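Read the structure below first, then the notes.
In UniProt numbering, the protein residues as written are 1 to 722.
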């Protein structure tokens, strides 16, 4: 073969033809480095029939490939997954391929990397930045850029610490072998129901064919132990297993559980890995050496040599939906990868998504149910606190019945959890003199006060600023007031009411790495925490036997905003956080603060009527033609120039297609009308499931001339409507 069609790692271009150097071979799937103008760019040799044929180029005009990289070729099933993901989510194929081939794929795993770690010696000159850097680095090590990102300082600060002797160089090999998991290391004692479920999963692995199995078990029923038996079967067969987790913070505790079961930790894959760890993991996965991989959603696209099983844990979680770049949903793409690879996919959840239950009803998924908690533990008692009848004291956020319950648990030496899905101290800062609200300069969003670090932060673009002393509008002094509660404010109230209680605030600000999550778990399990105050980060995956009380501070929060899945998300979130209570021998109690206890979702939670809630929710969705019984897609046009964005949106609206069953809403300013300094307009499409939404959108946007200043983001099956 003298020429090869190559899909490059760029979203701007489709496949291009290159000449294969004399004496070299580049079969389909080969990872290569090719010239693109003056640059060197990675890519994969692809089938000529895919993505449409580029204009023919004579052999004499082709440029030589620079290199055929010495890694296993990308297998055909994964190439088909890239094509499907690109087609379904209307994303450039090169953008999808970047998830298959991160930078670690092109780094030689045998070449050592130089990292740096603290020596314990302080430099003669200690600047504020150096103090902060050494505190945040602690016992961790990494490359200069990684330590700079960790410490939130410039690379120059890190290099200065190296020169001053405060950091020392360490040579790290990325070629260390992965430990071999032992499926017979420590098999758990399973209940009869667990054993029956595990048997079905083992049989599915042994059959080695595509099937989707919904493992539906109440919180505390031992779903993890059950699907670990399927993993053991895959390891026994010499196959690889991928376990997807919704949050990076869950990775470290899960690694510990796997180590207890299989005698060694699995290979992790997430954004928090150091370069050496990513390089080692990618090459071990591609060679087949890594038998068990636990990772975030991006692990789904890695080039496994011999994949035999995919497990999606907490499969209902909305964080499996990627909101930037390629807008894919990892749960759905996992099912498609199972289909292309011919292997079983397990979706595990205590509160399955309505989409998954609809697939069960249609006969496409097998339903495996674990109806009871393991080991005799019982589900907690749930009760609603009507905030209209039992309001908190003025300036407080905890109702008297919840305060009394907290005091009772402290007296018994038991642990409690307060849940509020809102980071920071207060969601809004306004001026009591003129009413001015402090808003992000880059987004149409309020700045959230984070009192622990003395800053205002935008949770959309990351912009931070110190709280102003004067009102920016009227310049009145001492007139700014924090409005509404965040977890930090609730923690302050707990400290005022129970000054001797040991508290832990659990949010993505405090548990920003797997190591931090592991520290938190150790503290709670060691009895060093009395009351946990946390966001949705604590609703899943954690097992604390001495935690017997859960208080939901504002159960109505998730019902605001007009999201079509608001009721389902609220039910799932509260049911999940309620499941943290009473997981040991001590019974649990859950108190839900709400102003609408008569709302269907609140009534269903208190009554424990999950099936009734899902049936009512499904009926309402069917009537409205909403997912999973209908389809949505969003087109968001953005530009730094509002007139450019508005003009493109209007032209799209003027050329909108007309078809039976298709409804198009807009163009209109997006609910989040400005994000990261770009003005945004949205068109929302609604159609039946059978409608060719992707083909319609392709034809539609092809009619528009796109100015260089405008961007188009397409979100098929959106989960966020802002």
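Glycine included, C-beta positions come from ideal geometry on N, C-alpha and C.
Predicted model, so just to flag it, every value in this text is computed and none were measured.
Pair within 9 Å by beta-carbon distance, residue i and residue j
i	j	result
residue 385	residue 213	no
residue 251	residue 291	no
residue 710	residue 637	yes
residue 267	residue 248	no
residue 679	residue 642	yes
residue 270	residue 295	yes
residue 596	residue 578	no
residue 667	residue 683	yes
residue 319	residue 305	no
residue 493	residue 398	yes
residue 479	residue 443	no
residue 452	residue 464	no
residue 211	residue 366	yes
residue 528	residue 502	yes
residue 231	residue 185	no
residue 272	residue 417	no
residue 511	residue 415	no
residue 697	residue 244	no
residue 282	residue 302	yes
residue 337	residue 104	no
residue 433	residue 471	yes
Identified DSSP bridge partners for residue i
i	result
residue 64	19
residue 367	214
residue 415	547
residue 681	637 and 669
residue 171	114
residue 674	679
residue 439	446
residue 381	589
residue 706	Answer by DSSP bridge pairing: none, since residue 706 is not bridged.
residue 35	40
residue 268	294
residue 327	According to DSSP, which records beta bridges pairwise, residue 327 is partnered with nothing at all.
Assumed close pair residue i, residue j - CB separation to whole angstroms, cut-off 8 Å
i	j	result
residue 422	residue 326	At roughly 29 Å, the Cβ-Cβ gap does not stay under 8 Å, so residue 422 and residue 326 are not in contact.
residue 147	residue 158	5 Å
residue 169	residue 121	So it is not a contact: roughly 14 Å between Cβ atoms.
residue 42	residue 9	5 Å
residue 164	residue 123	3 Å
residue 800	residue 11	One cannot answer for residue 800 here, as it falls past the ends of the chain, which runs 1 to 722.
residue 344	residue 309	6 Å
Host alpha helix (DSSP H) of residue i (start-end)
i	result
residue 631	Here residue 631 belongs to no alpha helix (DSSP H); instead the beta strand (DSSP E) covers 630–639.
residue 320	That residue, residue 320, is in no alpha helix (DSSP H); it is neither H nor E in DSSP.
residue 162	155–163
residue 200	192–207
residue 454	Segment: none, residue 454 is in no alpha helix (DSSP H) and carries neither H nor E.
residue 333	330–341
residue 57	Careful: residue 57 lies outside any alpha helix (DSSP H) and carries neither H nor E.
residue 572	566–578
residue 132	128–137
residue 82	76–88
residue 397	Element bounds for residue 397: n/a, residue is neither H nor E.
residue 753	This structure cannot speak to residue 753, because the chain is shown only from 1 to 722.
residue 313	Element bounds for residue 313: not the alpha helix (DSSP H) but the beta strand (DSSP E), 307–313.
residue 91	Premise fails: residue 91 is in no alpha helix (DSSP H) and is neither H nor E.
residue 491	487–497
residue 5	Not the alpha helix (DSSP H): residue 5 falls in the beta strand (DSSP E), residues 3–8.
Residue range of the beta strand (DSSP E) that includes residue i
i	result
residue 252	Careful: residue 252 lies outside any beta strand (DSSP E), inside the alpha helix (DSSP H) at 251–262.
residue 348	344–349
residue 503	503–506
residue 41	39–45
residue 654	Residue 654 -> not in any beta strand (DSSP E); alpha helix (DSSP H) instead, spanning 642–654.
residue 295	292–295
residue 534	531–534
residue 429	428–431
residue 240	240–244
residue 482	480–483
residue 712	711–716
(request) Evaluate the contact criterion for the segment 426–437 versus the segment 554–572: three or more CB pairs, one atom per stretch, below 8 Å. (result) Taking 8 Å as the limit for Cβ pairs, the verdict is that the segment 554–572 does not touch the segment 426–437.
(message) Taking 8 Å as the cut-off, does the segment 683–701 touch the segment 620–632 (at least 3 CB pairs, one atom from each stretch)?
(response) Taking 8 Å as the limit for Cβ pairs, the verdict is that the segment 683–701 does touch the segment 620–632.
(message) Could you check whether the segment 394–410 touches the segment 606–622, counting it as contact only if at least three pairs of C-beta atoms, one from each stretch, sit closer than 8 Å?
(response) The answer is no - the segment 606–622 does not touch the segment 394–410, with fewer than three Cβ pairs under 8 Å.
(message) Check whether the segment 19–33 and the segment 59–70 are in contact - that is, three or more C-beta pairs closer than 8 Å.
(response) Between the segment 19–33 and the segment 59–70 there are three or more C-beta pairs closer than 8 Å, enough to call the two in contact.
(message) For the segment 581–600 against the segment 655–667, do three or more pairs of beta-carbon atoms, one drawn from each stretch, fall closer than 8 Å, so that the two count as touching?
(response) With the cut-off at 8 Å, the segment 581–600 and the segment 655–667 do not touch.
(request) Taking 8 Å as the threshold, find out whether the segment 43–53 comes into contact with the segment 135–146 through three or more Cβ pairs. (result) Segment contact: the segment 43–53 against the segment 135–146, fewer than three CB-CB distances shorter than 8 Å; contact not assigned.
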